[in-house]
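Read through the structure below, which is laid out as structure tokens, and then see the notes.
In this note's numbering, the protein residues as written are 620 to 762.
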């Protein structure tokens, strides 16, 4: 099997950002964590390094659309992070994935996985899982 490089998934919210990434074969998304926007930037620099390595194949941003396909109110936040990514990692492509319902799907997965209610209620627990959901949707759609 060929090393395709990791995809980095982001679920960007007003206060917190969920972060996940795939294995190098781009088959399995894994939760990395949930961060404030400033901490997210630090974490991405740490994970990717000052110069994007061949190990990062792209960013997958949760694209906030409403049920009717129109942009949601959080689109401004996502665009801001997207611009920062373009400026900071100009050689790494950015992909968009509809994130509609990803938080609800993440919560369902956490319940089905047996994660305790107390753990699910912690701030950010759903955000990082939603980032993994967004990545999985992208992988499924890409085929």
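Think of the CB as a built atom: it goes at the ideal place given N, C-alpha and C, for glycine as much as any other residue.
Here residue 676 is near residue 625, since their CB atoms are less than 8 Å apart. Inter-residue distance for residue 722 and residue 621 is about 32 Å (C-alpha atoms, whole angstroms). Distances from the CA of residue 760 to each of 712, 646, 638, 632 were compared; the closest alpha carbon is that of 646. In terms of Cα proximity to residue 628, the closest of 717, 690, 762, 727 is 717. Around the beta carbon of residue 664, a 10 Å sphere encloses fewer than 16 other beta carbons of the protein chains shown; the residue is thus reported as exposed. The alpha-carbon separation between residue 702 and residue 696 amounts to approximately 10 Å. Around the beta carbon of residue 727, fewer than 16 other beta carbons sit within 10 angstroms, so the residue counts as exposed. Where residue 716 is concerned, the enclosing beta strand (DSSP E) starts and stops at 713-717. Fully enclosed alpha helix (DSSP H) runs of no fewer than 4 residues occupy 656-667 of the stretch 628-684, in order along the chain.
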